[in-house]
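Working notes, structure below.
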Amino acid sequence: FLTGTLRLPRIIIDDFRKAIFLNAIAQEACTKNKFGMTSYVRFLDSLIDNADDVKVMRSSGVLQNLPSSDQKVADFFNKIGALVEPEGDAYIDVKRDMGMYFESSVRKKVAAWRNEMIRDYCRSPWTIIGVLAGSLLLFLTLVQTY
Numbered sequence: 001f002l003t004g005t006l007r008l009p010r011i012i013i014d015d016f017r018k019a020i021f022l023n024a025i026a027q028e029a030c031t032k033n034k035f036g037m038t039s040y041v042r043f044l045d046s047l048i049d050n051a052d053d054v055k056v057m058r059s060s061g062v063l064q065n066l067p068s069s070d071q072k073v074a075d076f077f078n079k080i081g082a083l084v085e086p087e088g089d090a091y092i093d094v095k096r097d098m099g100m101y102f103e104s105s106v107r108k109k110v111a112a113w114r115n116e117m118i119r120d121y122c123r124s125p126w127t128i129i130g131v132l133a134g135s136l137l138l139f140l141t142l143v144q145t146y
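Numbering-wise (UniProt numbering), the sequence shown opens with residue 1 and increments by one.
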């Protein structure tokens with residue numbers, strides 16, 4: 001994920017495959033290995049919160065929900081994710097890399113915005129005074145209006 005692209009295998013969601021998900025999770029609950037299907041379903045649950053998330057994953061080719069609506073698929077993963085116990089996580093490295101990428105990209109965007117603001121609006125003391133005066137005038141206008 002270090003390039004900013006998360007690649008997931010294509011998953012078809014229908015009633016038959018929902019049963020397979022549930023049976024695989026139940027089988028893993030009976031054994032000591034909890035890093036297979038349980039970790040994958042919990043990872044998908046962390047990516048899917050609502051129908052919009054399913055729509056994005058469907059449009060990118062990751063999910064194909066045959067008879068179900070996007071909201072039903074989101075509800076399915078949210079319910080399963082809440083039911084399984086969080087013992088072991090095979091996708092902890094991917095989650096960490098995603099967090100690091102997001103934090104670094106946000107930091108880069110904020111730094112670029114800050115540098116652009118300084119370059120464009122802080123060339124001379126008069127520009128700084130003008131920006132501050134304009135901001136103060138806008139603030140006082142808003143306060144007076146409300």
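A virtual CB, placed ideally from N, CA and C, is assigned to each residue, including glycine.
Using only the alpha-carbon positions, how far apart do Arg17 and Lys95 sit? 25 Å
Can you name, in chain order, every residue of its own chain whose Cβ lies under 8 Å from the Cβ of Val41, other than the five neighbours on each side? Phe21, Ile25, Phe77, Ile80, Gly81 and Val84
In terms of alpha-carbon separation, which member of Glu28, Asp70, Leu63 and Leu66 lies closest to Asn50? Asp70
Taking the alpha-carbon positions, what's the residue 217 to Ala19 distance? It is not possible to answer for residue 217, since the shown part of the chain is limited to 1 through 146.
Return the CA-CA distance between Asp120 and Trp126, expressed in angstroms with no decimal places. 13 Å
On the CB-based measure, 16 or more other CB atoms within 10 Å of its CB, does Ala111 come out buried or exposed? exposed
Strand pairing of Ile13, partner residues [DSSP]: Asn65
Of the residues Pro67, Ile118 and Asp93, the one placed nearest Leu6, counting alpha carbons only: Asp93
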